[in-house]
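Enquirer: Pasting a structure here, questions to come.
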Amino acid sequence: MSTVIETRAKPGKYLTFALGPEEFGLEILKVREIIGYMAITAVPQTPEYIRGVINLRGQVIPVVDLRAKFAMHSEERTSQTCIIVVETRHGDQKFNTGIVVDRVRDVLDITAGQIEDAPSFGASVETDFILSMAKITDSVKILLDIDRVLGSVDMATLRRTAA
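Per full-length UniProt numbering, the sequence shown starts with residue 1, numbered consecutively.
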């Protein structure tokens with residue numbers, strides 16, 4: 001009799017992207033589109049990880065720098081730097097937010113056998129935003145709960161930024 005381990009991540013398609021040498025994944029259904037890096041209008045008095053806003057076909061969208069959000073050192077932009085526009089939920093409302101990443105990798109079909117719970121790092125380390133870990137060949141991809149990643153960004157700040 002096999003034991004099924006319940007993880008927060010579900011098997012399915014995930015868009016993978018890189019921040020430096022680390023690779024992350026997002027549920028593909030959360031991804032609205034991927035655009036090249038474009039001019040971002042800075043908004044005064046917002047947290048450092050909020051880059052500002054972009055005008056995407058008439059819609060003002062706040063942009064979050066995931067490197068800054070995850071307290072990673074900043075890197076120069078390259079031709080592969082891009083913005084992934086994701087749809088998140090906060091309560092019963094949906095929001096489009098751009099996240100700056102170093103490069104987009106692949107869309108992977110991740111099976112239940114490849115998914116493992118995130119390890120515990122102790123009570124002082126916040127890992128709520130990690131859905132699970134995906135073991136792909138010799139590497140590990142961190143599957144993100146983008147609602148929680150951006151939910152921990154003050155949604156009221158993002159709404160004011162986009163307004």
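Glycine included, every Cβ here is placed at the ideal spot set by N, Cα and C.
Give me the residue from Phe17, Asp145 and Gly151 with the minimum Cα distance to Gln80.
Expert: Measuring from the Cα of Gln80, the nearest candidate turns out to be Phe17.
Enquirer: Starting from Lys141, follow its DSSP beta bridges and name the residues at the other end.
Expert: Per DSSP, Ala134.
Enquirer: Let me make sure I understand the geometry here. Which of Phe70, Arg57 and Asp128 has the alpha-carbon closest to that of Val100?
Expert: With distances taken between Cα atoms, Val100 lies closest to Phe70.
Enquirer: Could you tell me which of Pro21, Tyr37 and Ile84 sits nearest to residue 174, measuring between CA atoms?
Expert: A question about residue 174 goes unanswered here, because the residues of the chain that appear run from 1 up to 163.
Enquirer: Are the stretch 49 to 60 and the stretch 139 to 149 touching, with three or more C-beta to C-beta distances below 8 Å?
Expert: No, the stretch 49 to 60 does not touch the stretch 139 to 149.
Enquirer: Can you list, in chain order, the stretches of the beta strand (DSSP E) that have 3 or more residues and sit fully within the UniProt domain "CheW-like" (11 to 155)?
Expert: Listed in chain order, the complete beta strand (DSSP E) runs (minimum 3 residues) inside the UniProt domain "CheW-like" (11 to 155) are 12 to 19, 22 to 27, 31 to 36, 50 to 56, 59 to 65, 82 to 90, 93 to 101, 103 to 110, 130 to 136 and 139 to 144.
Enquirer: Can you give the Cα-Cα distance for Glu116 and Pro21, rounded to whole angstroms?
Expert: Each residue's Cα considered, the two are about 20 Å apart.
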